Amino acid sequence: MDARHLTRELWRWYILLLIANELDLAYTYVGLSRGAFLEGNPWLGPLLLTWWPIAIKVICLAGLALGILVILEAGLPRQRRVLRALRVATAVYTAVLILHIVNLLTSLPRG
Numbered sequence: 001m002d003a004r005h006l007t008r009e010l011w012r013w014y015i016l017l018l019i020a021n022e023l024d025l026a027y028t029y030v031g032l033s034r035g036a037f038l039e040g041n042p043w044l045g046p047l048l049l050t051w052w053p054i055a056i057k058v059i060c061l062a063g064l065a066l067g068i069l070v071i072l073e074a075g076l077p078r079q080r081r082v083l084r085a086l087r088v089a090t091a092v093y094t095a096v097l098i099l100h101i102v103n104l105l106t107s108l109p110r111g
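Heads up: the sequence shown begins at 1 in UniProt numbering, then just goes up one per residue.
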C-alpha cells in the first residue's frame, strides 16, 4: 500500500469511526428514553442527558484527527499500525451498534 492510498484509508476509517460514534450516541439516547437499556458506563451515566457526552465525543474525535495528521508525518509503519487500530475501534463500535439495534428492536411493543 503506497503512502497516498494509506492516507486515504486512514481518513476513510476515521470517518467511519466518527459516524459510528455519533450513531452510538443517538442510539444510546433513544434506547435510554424508551427504557430499552441502561447506560453501561458508570462515569457517563449521570451526565448522559446533558451536553457533556457530545462535547466528550467531539473533543476525542478532534484529538484523533490531530493524531492522524501527526502520524501522516511519522512514516508508513506507524501509519499502518494506526490504520489497524482505527479498524479495530470501528469494529468494536459496529458491534455496539448491532447490540443497540437488537435491543431497540426487542423493546418494540408486540402487537
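Here a beta-carbon is modelled for each residue, glycine too, at the ideal position from N, C-alpha and C. Here the structure is a predicted model, which means the values were calculated and not measured.
Inset, instruction - With residue 43 as the anchor, note down where its alpha helix (DSSP H) starts and where it stops. - result: Looking up residue 43 in the sequence shown gives position 43. For residue 43, there is no enclosing alpha helix (DSSP H), since its DSSP letter is neither H nor E.
Inset, instruction - Work out the CA separation of residue 89 and residue 75 for me, nearest whole Å. - result: Position 75 of the sequence shown holds residue 75. Position 89 of the sequence shown holds residue 89. Spanning the two alpha carbons is a distance of roughly 21 angstroms.
Legend entry - Simplified DSSP state of residue 52, which is helix, strand or coil: Taking the sequence shown and counting its residues from 1, one reaches residue 52 at position 52. Collapsing the DSSP output to three states places residue 52 in a helix.
Legend entry - Residue range of the unbroken alpha helix (DSSP H) whose run includes residue 72: Here residue 72 is taken as the residue at index 72 of the sequence shown, counted from 1. Following the DSSP letters along the chain, one finds residue 72 in no alpha helix (DSSP H), marked with neither H nor E.
Legend entry - Close beta carbons around residue 23, own chain, < 7 angstroms, minus the five adjacent residues each side: Locating residue 23 in the sequence shown gives position 23, where the first residue counts as 1. 97, listed in sequence order.
Legend entry - Contacting residues, own chain, Cβ-Cβ under 7 angstroms from residue 92 (five flanking each side not counted): Start at 1 with the first residue of the sequence shown, and residue 92 comes out as number 92. None.
Inset, instruction - Kindly confirm or deny that the region 33-40 and the region 101-111 touch, where touching means at least three C-beta pairs closer than 8 angstroms. - result: Segment contact: the region 33-40 against the region 101-111, three or more CB-CB distances shorter than 8 angstroms; contact assigned.
Legend entry - C-alpha distance - residue 50 paired with residue 7, whole-angstrom precision: What you label residue 50 is simply residue 50 of the sequence shown in a count that begins at 1. What you label residue 7 is simply residue 7 of the sequence shown in a count that begins at 1. Near 35 angstroms, if we compare the C-alpha coordinates of residue 7 and residue 50.
Inset, instruction - Could you tell me the distance, in whole angstroms, from the CA atom of residue 17 to the CA atom of residue 45? - result: For the purposes of this step, residue 17 is taken as residue 17 along the sequence shown, with counting starting at 1. For the purposes of this step, residue 45 is taken as residue 45 along the sequence shown, with counting starting at 1. If you take the alpha carbons of residue 17 and residue 45, they lie about 22 angstroms apart.
Inset, instruction - Using the Cα positions of residue 33 and residue 15, report the straight-line distance between them to the nearest angstrom. - result: Within the sequence shown, residue 33 is the residue found at index 33, counting from 1. Within the sequence shown, residue 15 is the residue found at index 15, counting from 1. Whole-angstrom Cα-Cα distance: 27 angstroms.
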